[in-house]
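Q: Here it is, the structure in full.
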Amino acid sequence: YSKGSIVRIKLKDFMTYTFVELRPGPSLNVVVGTNGSGKSSLVCAICLGLCGTPQMVGRASHVGDYIRNGADSALIEIELHNPNARNYVIERHIFPSKSAWKLNNIPVPQKAVEAAVAGLHIQVGNLCQFLPQDRVADFVKMSRQELLEGTEKAVGTRDGHLLHARLIQLQHRQAQLESGVQGQRERLDQERQKNAHLDEEVRKLQEHRDIRSRLDILRQKLAWLDYDSTRQAYEAEKNKLREEERTLKARLEEQDPLKQQLAKMAAHEEGLRRVDKSLKAEAAATLKKVENSLQKLAELSEQGGAVKRELERKIKDEATRRERISKCKADIEGFEKELGEAAAESIESKLQEVQSEMQRCNQTMNTISRARQMADVFFRERQRQSAALEEEMRRLKDQSNQRMEMLRRRSKDAFSATQWLLKNEGLFAGKIYPPIMTQVEVPDQRDAKYVEAQIPFRDMMAFVAEQPEDLSKFLGLVRDGQGLRINGVLVPAEPLDAFQPRLPLAQIGPLGFRGYIQSMLRAPDAVMRYLCKQYRVHDVPAGDERVESHLSQIKALGIRRFFTHNQVYTVKTSRYDSSRSSTMTTEIMQPSLLTVSVDLSSLNHLEQSRQALCEEMASKSAEIKELTVQERAASSKLEECRTAKKGLMAEAGRQKQLGLLLDQKRQALQSLQRQCLDLDRERAEAARKQGSLCRTKMAQVAIYVKRLQACYESHRLCVDHRLEMVKVAADRKKLEDALQVALEAHQALENEVRARRESVLAAKREAQRKLRHAQEAIGCSTNISQIPPSVAREFLQLPKSVAEITQQVHAEEAKLSCMLPVDSAVEQEYHRRQQNITQLEGDLGSNEAQLAEVAEEMADISGRWLPDLERLLERINQGFQRFFQALGCAGQVSLYRGEKAHEYDQYGVNIRVKFRDSERLTELSAAHQSGGERSVATVVYMMALQELTSVPFRCVDEINQGMDSENERRIFEMIMNTALQNSAQYFLLTPKLLPDLPYAENVTMIFITKSENYIPDWKPESLVGRAVGLAALARRRQ
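In structure tokens, the structure reads:
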């Protein structure tokens, strides 16, 4: 075994394996097994167990998919040979979502296992070393560049692949730097050209800026001069304010004497108001006494008037009493006279006669009412019976309508002819019946199938006429005139009684017959006669299942046609030999025309019953009308009696009312006679009261005169005092006017002072604003109110007056307006681009230096890598050509350098082969070679590589697919000889072996079967141990 060779492989629950352990030989291992036995599973285990990925195998995309169905995890254990110490044992536990690794039974991360495998020069991802079955096609599809990369990894020096990768990296870096340098040079030229166009613009901008600077200093001094004049105006306003405030203070002192006089006069006026209030109260009290005296005089006058009005009322009441007495007497005489004329006895007798007549009328009405109630009950009962009959008739007619609807669906012409016939029956002398299907009724629907089986559909749609003339006329009008396709038949002359069965039903009943067809249907006599004559419905029996058990007896009786439960039998006798007969049996079809039965006889019977009920209802209706007339007459008589009784009772009530009124009038007369007054006495009493009141009134007049004099005196004093108060008020008004004039003068002066203060404040704010403006103009601090010395020195060089400065400002502004507008962004762009130019110059120099370094490094690496690569490919080419010559073919391996020089990423291996003498060397591809030819080239290339490298093992899975037997034999011999000359381990997987192959002693045969019992005489225990070649095994058996 060489270092890194596989000594042992153990699998558990991996793909198709539950458990397997094998020990391959150190040289060529030929793994033989049928398709599906698990050969490729062994290759998958080697790849995944040595840190390979599912993508390298080319089967499932996830490592968890390699767990055997039904298992939770899988185990791959691979033991690698280590000649210097203990063998390497790598374990991989595969779970659905992760893997666990062990190296020499110690858990380690996958990176540690990858480092150990790489240290043994094992490359399971390199198709030049490890070629699974599902990746054979990928090897052929490898591009030149991929094939070169795999070859470098497999047989090149350790640094060869790294140098190639570094060259590709430097090539890409060189391309990037060259592209960057070219772009930087172009941008640098562009930036320089753009700035050259902006030089004149920048000069004009500087001149524009100088003019603006002079304008700024002029405006700064102008602002300070403006501030100085504003400050002087502010000081003048402030002095005027002080003078006006002194004048305001003097005016305020002049108002004090006037205010003192007004205060004294106000106190005097308050004393006068108190005296005035006392005098007003005294005058009001005397006036109140005068008013009281006047009120008492008015009351005495009112009392005198009341005595006079009371006497007048009593005189009037006495006259009214006498008038009422006269009216009561007249009313009493009228009531007595009216009561004397009416006799109470005659009214009572008339009332009794009226009541007797009312009793007789009530008895008559009760008798009539009972008779009418009985008639109404009888009439309603007949109405209910008539409604029930009409409902039953509607039901039967609805069935008839259903039969007509069925006729319309089965034959539109027959339906149209029927409609026409129903409207024009009067045109014919005799009766013409609509189609037979509308006239035939089958009471028991179970018998409808027999009737339809006996009567053909054509006659079911036929019209039946009693007279030949009517039939001809009808067919001419309908069939010829309207173009309707219908059929008509004529009623036979024989009466219905002439059609009798040949055998009575009592004779054939025991054989299972229920009756003849005629007994199973109902139809008008004319239609029935036609059916008996034409279809012998009176002589065709029908029965049940028992009929079929008596067929011989039925035939012996001479019955030629009969029905069983579901069959119709027709017996035909030969006309030449009556002893010979034949029986035809046909299954009875389900009925389709007579499924709706209409009982016409019942319909006629119901119509007759309804007519009888209508006649009874008409008779009873006349009787009810007569009773109604009698009842109305009796009711009218009773109403007359009631009216008479009401009048008599009203008359009796009136007499009673007159008696009560007479008693009331007599009582009222007595009361009026008792209310008599003495008018003379009343007049005397009134005169006495009038005299007393006159005396009291005279005394009250004297008191009123005294009180009126006192009231006059108090009001006179009050008026004199009020005149004095008016004089004092006039004096106070003069002082107030004088004070008001002084106050108005003071207010006017105060307003002027306030306006002056606001003017001073506005001047101050204006001075402060102009100071801030001046400070902002020169850019000094706001707490500095004097011009800084540096600015003052500049101001000394300028004119001193505002006019001169303003004139100079206008001159500079005129210069500025004559200049074209210049964008300040141009200067910014100029300086920004100048910075970019400097930056680009630095970057360009740096990149050019880097580009030179990269070119120098590429030349150095290429000088070290390319010669070795050319020598390597030459050695591979020699082996490849030798192997192909041994096969009788030609092959060549060369270096592909790409279309341009130094395109190291395009360098690759170019394989060209020729399998026939008539061909030229062509590049190996699926477009030029067959699958077997590509497999031969693949194996030959791998053997050519094997001569140049010492990898621990190689693996090829079913590389012989598509080869013919001769090429397969040659390839196997080459692999075997190469394995003898090389110490590397080799795994060759194949589903079959060619007969009579030579086997060297270094060949280990590994046979894989689908199960332990697949080969009955197989004894695996006899082969346990280290594998040996088949040739040595054969010699031992000899």
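Counting in UniProt numbering, the sequence shown runs from 1 upward without gaps.
Using N, Cα and C, we set each Cβ at its ideal position, and we do this for glycine too.
(1) Where DSSP assigns a beta bridge to Cys955, which residues make up the other side?
(2) What number of angstroms, rounded off, separates the C-alpha of Gln383 from the C-alpha of Ile368?
(3) Hey, how far is the Cα of Met15 from the Cα of Asn877?
(4) Quick check: the Cα distance between Ala1032 and Met976, rounded to an integer number of angstroms?
(5) Cutting at 6 Å between CB atoms, please list the residues of its own chain near Lys665, excluding the five before and the five after it.
(6) If you run the structure through DSSP and keep just helix, strand and coil, what is Gly4?
(7) In angstroms with no decimal places, state the Cα-to-Cα distance between Lys264 and Glu724.
(8) For the beta strand (DSSP E) that Ser582 lies in, which residues bound it at each end?
(9) In the structure shown, what three-state DSSP assignment does Gly125 receive?
(10) By the DSSP assignment, the beta strand (DSSP E) with Ser894 in it spans what residues?
(11) So is Arg954 buried or exposed if we call it buried at 16+ other beta carbons inside 10 Å?
(12) Note down, in chain order, each residue of its chain lying with its Cβ closer than 8 Å to the Cβ of Ser549, except the 5 sequence neighbours on either side.
(13) Does the distance from the CB of Gln611 to the CB of Lys449 come in under 8 Å?
(14) Hey, how far is the Cα of Glu186 from the Cα of Leu844?
(15) With distances taken Cα to Cα, identify the nearest neighbour of Lys308 among Ala748, Glu685, Val802, Glu870.
(16) Take Asp525 as the anchor and find which of Ala306, Lys431, Gln454, Leu505 has the nearest alpha-carbon.
(17) Can you give me the start and stop residues for the alpha helix (DSSP H) that Gly25 sits inside?
(18) In this structure, how does DSSP classify Pro54 when only helix, strand and coil are distinguished?
(19) Near Gly304, which residues of its chain fall below 7 Å by C-beta distance, leaving aside the five closest residues on each side in sequence?
(20) Is the separation between the beta-carbon of Leu484 and that of Val478 shorter than 8 Å?
(21) If you draw a straight line from the C-alpha of Glu77 to the C-alpha of Arg916, how long is it?
(22) Who are the Cβ neighbours of Asp398 in its own chain at under 7 Å, not counting the five residues just before and after it?
(23) Report the rounded CA-to-CA distance for Ala319 versus Ala668, giving the unit in angstroms.
(24) Would you decide whether Thr34 is buried or exposed? Buried here means 16 or more other CB atoms lie within 10 Å of its CB.
(25) Straight-line CA distance for Arg642 to His605?
(26) Are Ile837 and Glu178 close, meaning C-beta to C-beta below 8 Å?
(27) Please report how far the alpha carbon of Ser416 lies from the alpha carbon of Met461, in whole angstroms.
(28) Can you give me the C-alpha to C-alpha distance between Gln1038 and Glu114, rounded to a whole angstrom?
(29) How big is the Cα-Cα spacing for Arg219 and Ala236?
(30) Can you grab the Cα-Cα spacing for the pair Phe130 / Ser846, in whole Å?
(31) For Met528, write down the residues that DSSP places opposite it in a beta bridge.
(32) With DSSP as the reference, label Ser99 as helix, strand or coil.
(33) Assign Glu77 to one of three DSSP states: helix, strand, or coil.
(34) In this structure, what does DSSP give as the bridge partners for Pro541?
A: Considering the structure as presented:
(1) BP columns for Cys955 point to Phe130, Phe987.
(2) Between Gln383 and Ile368, the alpha-carbon positions lie close to 22 Å from each other.
(3) Rounded to whole angstroms, Met15 to Asn877 spans 40 Å at the Cα level.
(4) Confidence at Ala1032 is low in this model, with a pLDDT of 46, below 50, so the placement of that residue should be treated as unreliable; the coordinate-derived value is given next. One C-alpha to the other measures close to 15 Å.
(5) Apart from the 5 residues on each side of it in sequence, Lys665 sits with its Cβ closer than 6 Å to the Cβ of Cys328, Asp331, Ile332 in its chain, given in chain order.
(6) It is coil, neither helix nor strand.
(7) About 16 Å.
(8) Run containing Ser582: 581 to 587, per the beta strand (DSSP E) assignment.
(9) If DSSP states are grouped into helix, strand and coil, Gly125 belongs with coil.
(10) Residues 890 to 896.
(11) So Arg954 ends up on the buried side.
(12) Here the set comprises Gly512.
(13) 8 Å or more divides the Cβ of Gln611 from the Cβ of Lys449.
(14) One C-alpha to the other measures close to 11 Å.
(15) Comparing Cα-Cα distances from Lys308 to each of Ala748, Glu685, Val802, Glu870, the minimum goes to Glu685.
(16) Comparing C-alpha distances from Asp525 to each of Ala306, Lys431, Gln454, Leu505 shows the shortest one belongs to Lys431.
(17) No alpha helix (DSSP H) holds Gly25; DSSP gives it neither H nor E.
(18) Of the three classes helix, strand and coil, the one that applies to Pro54 here is helix, per DSSP.
(19) Contacts found: Gln690, Leu693.
(20) It is a contact, given that the beta carbons lie within the stated cut-off.
(21) When rounded, the distance between both Cα atoms is 46 Å.
(22) Unreliable placement is indicated for Asp398, whose pLDDT of 49 sits below 50; the coordinate value is still reported in the next sentence. Excluding positions up to five away in sequence, the list is empty.
(23) Their backbone Cα atoms lie some 16 Å apart in a straight line.
(24) Under this definition Thr34 is an exposed residue.
(25) One Cα belongs to Arg642, the other to His605, and the distance between them is close to 55 Å.
(26) Inclusion of Ile837 and Glu178 in the CB contact set at 8 Å is not warranted, their separation being larger than that value.
(27) When rounded, the distance between both Cα atoms is 12 Å.
(28) In this prediction, Gln1038 scores a pLDDT of 40, lower than 50, which makes its location untrustworthy; no coordinate-derived value is stated.
(29) Per the coordinates, the alpha-carbon of Arg219 lies some 26 Å from the alpha-carbon of Ala236.
(30) One alpha carbon belongs to Phe130, the other to Ser846, and they sit about 47 Å apart.
(31) According to DSSP, Met528 bridges with nothing at all.
(32) Annotated three-state conformation of Ser99 is strand, per DSSP.
(33) When secondary structure is reduced to three states using DSSP, Glu77 falls in the strand class.
(34) Paired residues: Tyr516.
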